[in-house]
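So in our numbering, the last one in the sequence shown is 236, and the numbering has no gaps at all.
Notes to accompany the following structure.
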Amino acid sequence: MANLHIINHPLVQHKISLLRDKNTGTKEFRELVSEIAMFICYEATRDLPLKEIEIETPVAVAKTKVISGRKLAFVPILRAGLGMVDGVTALVPAAKIGHMGIFRQPDTKEAVKYYSKMPDDIAERDVIIVDPMLATGHSAVAAIDEIKKLGVSNIKFMCIVCSPEGVDKVREAHPDVDIYTGVMDQGLNEDKYIVPGVGDAGDRIFGTR
28 MANLHIINHP
38 LVQHKISLLR
48 DKNTGTKEFR
58 ELVSEIAMFI
68 CYEATRDLPL
78 KEIEIETPVA
88 VAKTKVISGR
98 KLAFVPILRA
108 GLGMVDGVTA
118 LVPAAKIGHM
128 GIFRQPDTKE
138 AVKYYSKMPD
148 DIAERDVIIV
158 DPMLATGHSA
168 VAAIDEIKKL
178 GVSNIKFMCI
188 VCSPEGVDKV
198 REAHPDVDIY
208 TGVMDQGLNE
218 DKYIVPGVGD
228 AGDRIFGTR
């Protein structure tokens with residue numbers, strides 16, 4: 028799958044194993060989500076362009092590189108996506124943050140948007156949408172639809188665990204959007220939860236049921 032990037036780094040895989048454990052408590056789960064998000068973000072930003080500048084060190088003048096002018100925004104899908112924000116902004120503190128509220132209809136499992144608040148200059152930015160789980164793909168596709176309507180041309184989707192069904196859904200609707208994930212699981216159960224997955228990521232991040 029050309030636009031699916033699975034981050035096989037040993038630290039990512041180790042931390043995902045801890046994330047899966049049903050005995051992992053809220054505090055540790057939240058910390059793990061943030062840490063894994065940071066590692067995956069490192070890979071998702073690998074193609075940021077650089078320019079050469081000169082800097083005076085204590086020893087001499089150095090020709091070195093800095094990121095070249097590309098503005099970035101992260102858009103967490105509420106509410107579970109909020110758990111990834113600290114991790115990604117630790118790497119890119121100057122990035123702006125938008126928020127997309129989407130819930131899944133209990134009966135149809137379809138995505139319903141209930142909130143959207145974006146930076147004023149979102150159309151000028153590259154956007155990385157973040158959500159720990161890519162299950163059915165309905166929420167991801169709805170979020171990408173909304174971001175594209177705002178004029179954004181460069182979009183990536185970043186998650187921690189995905190299903191084949193979710194990846195196929197995003198690829199069918201938005202073949203131009205790259206997906207970055209820590210692992211692809213075997214599929215969805217009848218309740219549309221990822222198997223084996225981690226359970227309800229939002230509930231585990233925020234300690235709710």
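The C-beta atom is built at its ideal place from N, Cα and C for all residues, glycine as well.
It should be emphasised that the depicted structure is a prediction, and the values quoted were computed from it without experimental measurement.
Buried or exposed (CB count within 10 angstroms, at least 16 for buried), residue 125:
buried
Among residues of its own chain, excluding the 5 on either side of residue 64, which ones have a beta-carbon nearer than 6 Å to its beta-carbon?
111, 114 and 115
Considering only the alpha carbon of each residue, which of 119, 179, 165 and 212 lies closest to residue 146?
179
Please name the residue, chosen from 91, 209 and 66, that lies closest to residue 83 on a Cα-to-Cα basis.
91
Tell me whether the beta-carbon of residue 196 lies closer than 8 Å to the beta-carbon of residue 151.
no
Can you tell which of 94, 129, 81 and 190 has its C-alpha closest to the C-alpha of residue 108?
129
Cβ-based neighbour list, residue 233, same chain, cut-off 6 Å, excluding 5 preceding and 5 following
none
Thinking C-beta only, is residue 68 closer than 8 Å to residue 118?
yes
Host beta strand (DSSP E) of residue 169 (start-end)
Premise fails: residue 169 lies in the alpha helix (DSSP H), 165-176, not in any beta strand (DSSP E).
Distance, Cα to Cα, residue 59 vs residue 191?
23 Å
Rounded to the nearest angstrom, how far is the Cβ of residue 162 from that of residue 220, given a contact under 8 Å?
7 Å
Keeping to the same chain, check which residues put their C-beta closer than 8 Å to that of residue 105; ignore five residues upstream and five downstream.
126, 127, 128, 129 and 142
Exposed or buried, residue 235, counting other C-beta atoms within 10 Å across all chains shown (16 or more means buried)?
exposed
Supposed close pair residue 223, residue 47 - CB separation, criterion 8 Å:
7 Å
Spell out whether any CB of chain C is found under 8 Å from the CB atom of residue 106.
Note that chain C does not occur in the displayed structure, where there is just one protein chain.
Using the three-state DSSP reduction, which class does residue 111 fall into: helix, strand or coil?
helix
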